[in-house]
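S.K.:
Residue numbers (the working numbering): 3 to 175.
(1) Are the beta-carbon atoms of residue 69 and residue 59 separated by less than 8 Å?
(2) Quick check: the Cα distance between residue 182 and residue 57, rounded to an integer number of angstroms?
(3) Touching or not, the stretch 68-85 and the stretch 117-131, by the rule of three or more beta carbon pairs under 8 Å?
(4) With 16 other CB atoms within 10 Å as the buried threshold, where does residue 140 fall?
(5) My assumption, with CB atoms under 8 Å, is that residue 26 sits in contact with residue 62. Please give the rounded CB distance.
(6) How long is the line joining the alpha carbons of residue 163 and residue 47, rounded to whole angstroms?
(7) What does DSSP give as the partner residue(s) for residue 31 in the beta ladder?
(8) Measure the C-alpha to C-alpha separation of residue 107 and residue 82 and round it to an integer number of angstroms.
(9) Suppose you measure from the CA of residue 129 to the CA of residue 114; what does that come to, to the nearest Å?
(10) Leaving out the 5 sequence neighbours to the left and right, which residues in its chain are closer than 8 Å to residue 9 when beta-carbon positions are compared?
(11) Provide the residue span of the beta strand (DSSP E) that contains residue 16, from first to last.
(12) Could you check whether residue 137 and residue 174 sit closer than 8 Å to each other, using their CB atoms as the reference points?
(13) If you reduce the DSSP assignment to three classes, tell me which class residue 107 lands in.
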């Protein structure tokens, strides 16, 4: 059985590519499948963590791959994966090379030293030099620019990040 604590977010399926079941996979881990004997990814389907074996993959850009999953052979089936988060066994991820993706913090509770709990990191925008966390604050989306200097501590086990946000940053949302 796959458990949430045994997997890590590696990206997201964007949309089908073509009509033969190929998917656009947005990720910062482009070399991840190259050394794996039987590569697979994990997606949450109806509340259950389900593994999907990678039949083939090829680079599309520096931040995306075209991936063909076993059993996904047409556009209709591929559409079921649109906008799904993609996970990979945490113990199989490459060692941190100093350029680790901020997306690993998706699902973490963001807590400010002064203000307390802000919300859960729902998504991370790494498309520009300025990293932005999309935080779910009880149904309200907050956009919070993030930098390493703002991080006070990270609790990997408890999936919590303690930060020191600049005064007034939450008033901008």
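Note that the Cβ used here is the ideal one computed from N, Cα and C, for glycine as well.
M.R.: This is what the structure holds:
(1) Using a Cβ distance threshold of 8 Å, residue 69 and residue 59 count as a contacting pair.
(2) The shown model of the chain, from 3 to 175, leaves out residue 182, and the question about it has no answer.
(3) As far as the Cβ criterion goes, the stretch 68-85 does not touch the stretch 117-131, which means the pair count is below three.
(4) Under the 10 Å beta carbon count, residue 140 is surrounded by fewer than 16 other beta carbons and is classified as exposed.
(5) About 6 Å separates the two Cβ atoms, so the contact holds.
(6) Each residue's alpha carbon lies about 27 Å from the other.
(7) Note: residue 31 sits in no beta bridge, so no partner.
(8) Straight through space, the alpha carbons of residue 82 and residue 107 are spaced by roughly 25 Å.
(9) Taking the straight line from one Cα to the other gives about 24 Å.
(10) The residues are 44, 51, 89, 90, 91, 92.
(11) For residue 16, the enclosing beta strand (DSSP E) starts and ends at 9-19.
(12) Going by C-beta atoms, residue 174 is not nearer than 8 Å to residue 137.
(13) Secondary structure at residue 107: helix, using DSSP grouped into helix, strand and coil.
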